[in-house]
Amino acid sequence: MNDSTNMMETAQQLAEDRMTHVRRLIDAATEADEAQKRAEETRKQYASVWNDVAGKSWTEQELKKIGLKEPGTKRKRATRSSQTTTTAKKHQAKSSGEHTTTGEDSTEHSQAPSNTESA
Numbered sequence: 288m289n290d291s292t293n294m295m296e297t298a299q300q301l302a303e304d305r306m307t308h309v310r311r312l313i314d315a316a317t318e319a320d321e322a323q324k325r326a327e328e329t330r331k332q333y334a335s336v337w338n339d340v341a342g343k344s345w346t347e348q349e350l351k352k353i354g355l356k357e358p359g360t361k362r363k364r365a366t367r368s369s370q371t372t373t374t375a376k377k378h379q380a381k382s383s384g385e386h387t388t389t390g391e392d393s394t395e396h397s398q399a400p401s402n403t404e405s406a
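If you want the working numbering, it's the position in the sequence shown, counting the first as 1, plus 287.
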C-alpha cells in the first residue's frame with residue numbers, strides 16, 4: 288500500500304468516527320423532540336380532564352388540596368443563581384454594617400466568600 292492510500296484510509300476512518308458521534312447527537316435530538324411533543328399532548332389531555340372533573344364532582348380547591356396542580360401552573364423553585372445573589376447581598380450588607388431582612392429563614396447558607404467579587 289502506498290502512502291496516499293494509507294492517508295485516504297485514515298481520513299475515511301476519522302470521517303466515519305465523526306459520523307458515528309453526530310449520528311448519536313441526531314438520534315438524541317430526535318428523541319428529545321418526540322418527548323417534548325408527547326409532553327405537550329399529555330398536558331393538553333391533563334387540562335381537558337381537569338376541566339371535566341373540576342366543578343362536576345370536585346372543586347378546584349379540593350383538587351389542589353389533594354396535591355394536583357391546575358393545568359398551566361408551573362412549580363416555583365429557587366434557582367442557584369438567585370440563592371447565590373441573596374447570600375452575596377447578605378455578605379455585602381454585613382461587611383458594610385447594614386441590616387437586611389428578606390423574609391427568609393434567619394439561618395444563612397454556609398458558603399465560602401468569593402475572591403472574585405467585583406469592586
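From the three backbone atoms N, C-alpha and C, an ideal C-beta is built for every residue, glycine too.
Q.
Using C-beta distances below 8 Å, list every residue in its chain close to A315, excluding the 5 sequence neighbours before and after it, in chain order.
A. Counting from one through the sequence shown, the residue named residue 315 turns up at place 28. Excluding sequence neighbours, A315 sits near nothing in its chain.
Q: Taking the CB atoms as reference points, tell me whether P358 and A334 lie closer together than 7 Å.
A: Mapped onto the sequence shown, residue 358 falls at position 71. Mapped onto the sequence shown, residue 334 falls at position 47. Yes.
(Q) Please report the straight-line C-alpha distance between R325 and T317, rounded to a whole angstrom. (A) Counting from one through the sequence shown, the residue named residue 325 turns up at place 38. Counting from one through the sequence shown, the residue named residue 317 turns up at place 30. If you draw a straight line from the Cα of R325 to the Cα of T317, it is about 12 Å long.
Q: Look up W345 in the DSSP assignment and give the residues it is bridged to.
A: On the sequence shown, position 58 is the one that residue 345 refers to. In DSSP, W345 forms a bridge with A341.
Q. For L355, which residues of its own chain have a beta-carbon under 8 Å away from its beta-carbon, when the five flanking residues on both sides are left out?
A. Position 68 of the sequence shown, counting from 1, holds the residue named residue 355. Counting only Cβ-Cβ distances below 8 Å, and skipping sequence neighbours, we find W337.
Q) With DSSP run on the structure shown, which of helix, strand or coil describes T307? A) Working through the sequence shown from its first residue, we reach residue 307 at position 20. Looking at T307 - three-state DSSP - the assignment turns out to be helix.
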